[in-house]
Amino acid sequence: MSVSISFQDPAITLLCNAMDGRERLGEAHEFTIEGTSPEPFARDAVVGRGCLVVIEGGHGARTIAGIVTRCSALATSSRDAARNYKLIVRSMFAQLELRTRTKTFQNLATPDIVRQVVADGAFGDSAVRVDVRGTHDPRPYVVQYGETDAAFVRRLCEDDGLSFRFEAGEASETFILADTSTAAAAVLDEPLVLLDRAGDEAARPTAFAPRSRHLRRPGKVTLRDYDYRNPAVNLEGVATGGKGPEQDTEVYTAPGRFSDPGAGDARARLALEALRADATTVSFGTTAFALAPGVRVDVEPSPDLRARTHVAGGYLVVGLKHHFRSGGAHTLEVEAIPIDTPLRLPRITPRPKIAGVQTAFVTGASGEEVHVDALGCVRVHFPWDREGTQDDKSSLRIRVMQPQMPGSMLLPRVGWEVVVAYEDGDPDRPYVIGRLYNNKHPPPYSLPANKTATVVGTSSSPGAARQNVIRFDDAAGKEVIAVGAGFGKKLTIAHDMLTQIVKNEALTVKASQTLSVGGSESISVTEAYLNDLGSQSASVGGMQSIYVKGDLQVGVGSESVIIGGACLEKVGNPVSGALNLAKSAALQGVGSLGKVGAFVSAAAGLAQVGYQGYKQGGLAAVQGSLAMAADALVPGGSVALSAIAEAMPRPWAERPLAQAPQAGGGGASSASDTAGPQGPGPGHRNTIVEGMMTEIIGAALGVATPGTIGWTTVGPSTLLVGASHNIRAGQAGVNILGASSEALGSLSITSAGTLTRDVTGALQTSIAGALKSKAGGTHTIKAGAALKVKIGGALKMKGAHVTFVVGGSRLSTSPSGVLVEASTIEVTGTTKQKGASSTS
1 MSVSISFQDP AITLLCNAMD GRERLGEAHE FTIEGTSPEP FARDAVVGRG CLVVIEGGHG
61 ARTIAGIVTR CSALATSSRD AARNYKLIVR SMFAQLELRT RTKTFQNLAT PDIVRQVVAD
121 GAFGDSAVRV DVRGTHDPRP YVVQYGETDA AFVRRLCEDD GLSFRFEAGE ASETFILADT
181 STAAAAVLDE PLVLLDRAGD EAARPTAFAP RSRHLRRPGK VTLRDYDYRN PAVNLEGVAT
241 GGKGPEQDTE VYTAPGRFSD PGAGDARARL ALEALRADAT TVSFGTTAFA LAPGVRVDVE
301 PSPDLRARTH VAGGYLVVGL KHHFRSGGAH TLEVEAIPID TPLRLPRITP RPKIAGVQTA
361 FVTGASGEEV HVDALGCVRV HFPWDREGTQ DDKSSLRIRV MQPQMPGSML LPRVGWEVVV
421 AYEDGDPDRP YVIGRLYNNK HPPPYSLPAN KTATVVGTSS SPGAARQNVI RFDDAAGKEV
481 IAVGAGFGKK LTIAHDMLTQ IVKNEALTVK ASQTLSVGGS ESISVTEAYL NDLGSQSASV
541 GGMQSIYVKG DLQVGVGSES VIIGGACLEK VGNPVSGALN LAKSAALQGV GSLGKVGAFV
601 SAAAGLAQVG YQGYKQGGLA AVQGSLAMAA DALVPGGSVA LSAIAEAMPR PWAERPLAQA
661 PQAGGGGASS ASDTAGPQGP GPGHRNTIVE GMMTEIIGAA LGVATPGTIG WTTVGPSTLL
721 VGASHNIRAG QAGVNILGAS SEALGSLSIT SAGTLTRDVT GALQTSIAGA LKSKAGGTHT
781 IKAGAALKVK IGGALKMKGA HVTFVVGGSR LSTSPSGVLV EASTIEVTGT TKQKGASSTS
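For the sequence shown, the UniProt record's numbering assigns the number 1 to the initial residue and increments by one for each residue that follows.
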């Protein structure tokens, strides 16, 4: 037999003196060759270049292709002597051991990844053959992290049940990837004859010196995994094999690297087959030099075999060992496993692990500032990824760690630099745990000037034109919480809300404000309460009670008040003998009047008409429906008015009402259920309306204060009270720069001081019942235009001086007599005179 070597450069010759070689499935073969060259040659001419090793014998020949990875020149005794060299020839796959890369692969099956790496690293596309028969699903994300191409390919093959081998072509070798070793083809036409010893002289290839080995291996594999997209699914796979006692030994692995519940058992089966692939092996010497790793060989015992052996049947060649010496024998030793045992590469290649964390940049589709899926996962681009894109395909979807709160949701924006950790250090399982600032995305506030600030802020998207910010500033003595909303703010409280402000509060609403209270609203002001409005509309369907212990000042452009029930106002501190107002007493008094009840009912209807008209058409609709006619001041017309007149006197206008309740919770601290401190003075009530004023009250209206009461209206004024109108004050005044129209059930005004009614326009007062007006000082009624007073009952005036002035005419009464001044005095009918009289 002989061994010959040829190089790419045909001028280089080398005679083989000795050769030792080793071949195995899933590994690069390696041959150590010693030879002699008649002429010296440069070692660079062979290192890294391809060569062919041809083995020829009496029972077949085989060519092994590879590259020279090492060349050593051995010393000789003479310059003219032939040169001795020692070469190491390995498969071209060895070149993949020289290249280390960090690279990502997405949505590719393992055979496709292996083909890509092997073709790119050494063999080229044409020298890679994929012969897989099983199903290999695409893998969403695979990272080659700091691994050589050879280690990466081997690791993937181990994980997915693949193996590879090499075949020599005419000038180079071919990489063959396979997954079904039980279907391996035979290269010999007939089985090897098993002999007791070597038999080169035999007429057919033989096997000799057989040995068999049996190892105890695990008989059960269990895999478990977890898929965050289906957290309730139990991902588990189990596979068993071997003899009974072996099945008591379990290998449990998690994560099992599968997300499909149906794939668990299949992956467990692959893992078990890798553990049990060498449970039974045979080895023998052979004269069949055509054998190679990955082929089938059949062995049958010779009839003359004396030794007892279990080596017989079909086998898969998994490894070969070569030993050749010039002038001596060439031995070839075979290692094989039963053909029905699936060959799975042992899982010996370590997986890369990333200790600690890394940084990456959030990526997304073009034009998107926030690019997430339904679970808030993002894509990132790592600085070490030289070949990956920086868009919505840069990586797999990566989960984002959230604050430990049930409703938290903080999503990284495209371009942010984030901190990435890895589950169990696995590069294939990253997740985002935080964010970092850089010069492109610096802190939102200058530092260190704002070093005491803690900020939770977001920017509008797209464009980042606005921000929503919650800022905490912890500077000593200037602690503040600032909340800023870029567009709107919504606050929802499921139960109670308590706000306590030690000093002052300022609220500025540049447009409109709407406050809706489903139950009751209580406002307690210890000192003054100032409400300055351009216009105000208040609709009270039931009763409104206002208790002011101090001053009440209301300044508006125009005011419209529609009250369906009673309006009770108590101003100032309670004083002995003051008129006390209570809703219950007022309604009880009105209800006891017999015929007056009909008017009260009509007045209540009037309030509802006014209220509904206001809601549908505003103040104009109310004024249109309630035009003051002489006989139709309120719904019910003259019938209602006459009912009031017949029911006189009105006892509720003459007797004190029951004590009104004190306002609760009005103290200096809002926590007390008792009344707050009393106001500083007797109480003053002033109403100033810069525009038109309309006030409609379906029931009684009562105002009581030891201080002063004043009404000032720049525009027209309309007051409609369905029942009585009671005023008790130290001093009362009405000043209306427009016209005034009043419609009342009855009117009672008591002033300890002066009582003044000054109307620039026309004054019309219609009272269904009695009018009682009493002033401790002067009592003045003045109208710039017509003055019309209509009273359903009697009119009685009593005073030291009573004067009527209309234009240039005057009628005055006093204890000394009656004075009538006019350009013309006309008396129709008879006159009756008592006492002295004079004319001029």
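Beta carbons: idealized from backbone N, C-alpha and C, even for Gly. Values in this document were obtained by computation on a predicted structure and should not be read as measured data.
- Task: With a threshold of 16 other CB atoms inside 10 Å of the CB of Ser746, please say whether the residue is buried or exposed.
- Result: On the sequence shown, residue 746 is found 746 positions in, with the first residue counted as 1. By the 10 Å Cβ count, Ser746 comes out buried.
- Distance CB(Gly388)-CB(Thr32) smaller than 8 Å: Counted from its first residue, the sequence shown places residue 388 at position 388. Counted from its first residue, the sequence shown places residue 32 at position 32. Against a cut-off of 8 Å, the Cβ pair of Thr32 and Gly388 comes out as no contact.
- Task: Quick one: give me the first and last residue of the beta strand (DSSP E) that Cys157 is part of.
- Result: Residue mapping note: residue 157 aligns to position 157 of the sequence shown, counting from 1. Unbroken run through Cys157 is the alpha helix (DSSP H), Asp149 to Asp160; no beta strand (DSSP E).
- Which stretch, first to last residue, makes up the beta strand (DSSP E) that contains Gln513? Translated into positions along the sequence shown, residue 513 becomes position 513. First-last for Gln513: undefined, no H or E at that position.
- Where Asp532 sits in the DSSP three-state scheme: Working through the sequence shown from its first residue, we reach residue 532 at position 532. Three-state DSSP puts Asp532 in a strand.
- Item | Between the CA atoms of Ser520 and Met693 - distance to the nearest angstrom | Looking up residue 693 in the sequence shown gives position 693. Looking up residue 520 in the sequence shown gives position 520. Met693 and Ser520: Cα-Cα distance of roughly 26 Å.
- Spatial distance of Asn17 from Arg83 (CA atoms): As a position in the sequence shown, residue 17 is number 17, starting the count at 1. As a position in the sequence shown, residue 83 is number 83, starting the count at 1. Spanning the two alpha carbons is a distance of roughly 12 Å.
- Item | Beta-carbon proximity check, Ser395 vs Arg413, cutoff 8 Å | Start at 1 with the first residue of the sequence shown, and residue 395 comes out as number 395. Start at 1 with the first residue of the sequence shown, and residue 413 comes out as number 413. Contact flag unset, no.
- Cβ shell of Lys832 (< 7 Å), same chain only, five flanking positions each side left out: For the purposes of this step, residue 832 is taken as the residue at position 832 of the sequence shown. If we look at Lys832 and ignore the five residues flanking it on each side, it has no Cβ neighbours.
- Should the region 7 to 25 be called in touch with the region 134 to 154, which here means at least 3 C-beta pairs below 8 Å? no
- Task: Report the three-state DSSP secondary structure of Val114 (helix, strand or coil).
- Result: For the purposes of this step, residue 114 is taken as the residue at position 114 of the sequence shown. In this structure, Val114 counts as helix in the three-state DSSP scheme.
- How should Ala740 be labelled, buried or exposed, when 16 other C-beta atoms within 10 angstroms of its C-beta is the threshold for buried? Your numbering for residue 740 matches position 740 in the sequence shown. Here residue 740 turns out to be Ser, not Ala, going by the sequence shown. Ser740 is buried by the Cβ-count criterion.
- In the DSSP assignment, what are the bridge partners of Val53? Locating residue 53 in the sequence shown gives position 53, counting from the first residue. DSSP lists Ile5 and Ile64 as partners of Val53.
- C-beta atoms of Cys51 and Ile5 nearer than 8 Å: Numbered from its first residue, the sequence shown carries residue 51 at position 51. Numbered from its first residue, the sequence shown carries residue 5 at position 5. Contact: yes.
- Query: Quick one: what's Leu491 bridged to in DSSP?
  - Reply: What you label residue 491 is simply residue 491 of the sequence shown in a count that begins at 1. The partner list for Leu491 (beta bridge, DSSP) is empty, contrary to what the question assumes.
- Which whole-angstrom value describes the C-beta separation of Ala178 and Val132, a residue pair presumed to lie in contact below a C-beta threshold of 8 Å? Counted from its first residue, the sequence shown places residue 178 at position 178. Counted from its first residue, the sequence shown places residue 132 at position 132. Sure, about 7 Å apart at Cβ, within 8 Å.
- Task: Enumerate in chain order the residues of its own chain whose CB-to-CB distance from Glu654 is below 7 Å, with the five nearest sequence positions on each side excluded.
- Result: The residue given as residue 654 occupies position 654 in the sequence shown. Because the pLDDT at Glu654 is just 33, under 50, the model does not fix this residue reliably, and the point stays unresolved.
- Task: Give the DSSP-derived three-state secondary structure of Arg471 in the structure shown.
- Result: Locating residue 471 in the sequence shown gives position 471, counting from the first residue. Residue state, collapsed to three classes: strand.
- Query: Is Leu192 near Thr206, with beta carbons less than 8 Å apart?
  - Reply: In the sequence shown, residue 192 corresponds to position 192, counting from 1. In the sequence shown, residue 206 corresponds to position 206, counting from 1. Contact flag set, yes.
- Item | Short Cβ contact (8 Å threshold) for Phe93 with Phe166 | Here residue 93 refers to the residue found at position 93 when the sequence shown is read from its first residue. Here residue 166 refers to the residue found at position 166 when the sequence shown is read from its first residue. Going by C-beta atoms, Phe93 is nearer than 8 Å to Phe166.
- Among the residues of its own chain, which have a CB less than 6 Å from the CB of Ser460, if the five just before and after it don't count? To locate residue 460, count along the sequence shown from 1; it is residue 460. Excluding sequence neighbours, Ser460 sits near Arg466 and Gly486.
- Put Ala198 into one of helix, strand or coil per three-state DSSP. Reading the sequence shown from its first residue, position 198 is the one you call residue 198. Looking at Ala198 - three-state DSSP - the assignment turns out to be coil, as it is neither helix nor strand.
- In this structure, does DSSP put Gly121 in helix, strand or coil? For the purposes of this step, residue 121 is identified with residue 121 of the sequence shown, where counting begins at 1. Helix, per DSSP.
- Message: Out of His136, His310, Thr754 and Thr13, which one is the CA nearest neighbour of Pro210?
- Response: Numbered from its first residue, the sequence shown carries residue 210 at position 210. Ranking the options by Cα distance to Pro210, first place goes to His310.
- Message: So, for Thr824: in the same chain, excluding its five sequence neighbours on each side, which residues have a beta-carbon less than 7 Å away from its beta-carbon?
- Response: Here residue 824 refers to the residue found at position 824 when the sequence shown is read from its first residue. Once the five neighbours on either side are set aside, Thr824 has no close Cβ partner at all.
- Item | C-alpha distance - Leu491 paired with Asp137, whole-angstrom precision | In the sequence shown, counting from the first residue as 1, residue 491 sits at position 491. In the sequence shown, counting from the first residue as 1, residue 137 sits at position 137. Their backbone Cα atoms lie some 49 Å apart in a straight line.
- Query: Out of curiosity, what's the CA-to-CA distance linking Asp112 and Thr36?
  - Reply: Here residue 112 corresponds to residue number 112 of the sequence shown, with the count starting at 1. Here residue 36 corresponds to residue number 36 of the sequence shown, with the count starting at 1. Those two C-alpha atoms are separated by around 43 Å.
- Query: With 16 as the cutoff for other CB atoms within 10 Å, does Val502 come out buried or exposed?
  - Reply: Taking the first residue of the sequence shown as 1, we reach residue 502 at position 502. It is exposed - the Cβ of Val502 has fewer than 16 other Cβ atoms within 10 Å.
- Could you check which residue in Ser172, Thr760, His323 and Pro245 has the C-alpha nearest to that of Val3? Locating residue 3 in the sequence shown gives position 3, counting from the first residue. The shortest C-alpha separation from Val3 is found at His323.
- Task: Please classify Thr404: does DSSP put it in a helix, a strand, or coil?
- Result: Locating residue 404 in the sequence shown gives position 404, where the first residue counts as 1. As written in the sequence, residue 404 is Gln, which differs from the Thr given in the question. In the structure shown, Gln404 sits in coil (DSSP, three-state: anything other than H, G, I, E or B).
- Message: Could you compute how far the alpha carbon of Leu696 sits from the alpha carbon of Glu690?
- Response: As a working note, residue 696 is residue 696 in the sequence shown. As a working note, residue 690 is residue 690 in the sequence shown. The amino acid occupying residue 696 in the given sequence is Ile; Leu does not appear at that position. Going from the Cα of Ile696 to the Cα of Glu690 covers about 18 Å.
- Item | Bounding residues of the beta strand (DSSP E) (the contiguous stretch that carries Asp758) | Locating residue 758 in the sequence shown gives position 758, where the first residue counts as 1. First-last of the beta strand (DSSP E) with Asp758: Leu755 to Val759.
- Where Val820 falls, given that 16 or more other Cβ within 10 Å makes a residue buried: Within the sequence shown, numbered from 1, the residue matching residue 820 stands at position 820. Exposed, because fewer than 16 other Cβ atoms sit within 10 Å of the Cβ of Val820.
- Query: Shortest alpha-carbon distance to Glu335 belongs to which of Gln731, Ser717, His371 and Ala292?
  - Reply: Position 335 of the sequence shown, counting from 1, holds the residue named residue 335. Ranking the options by Cα distance to Glu335, first place goes to Ala292.
- Based on the DSSP secondary-structure assignment, which residues constitute the bridge partners of Arg379? The sequence position of residue 379 within the sequence shown is 379, counting from 1. Answer is Thr363.
- Message: According to DSSP, simplified to helix, strand and coil, what is Gln95?
- Response: Reading the sequence shown from its first residue, position 95 is the one you call residue 95. Correct three-state label for Gln95: helix.
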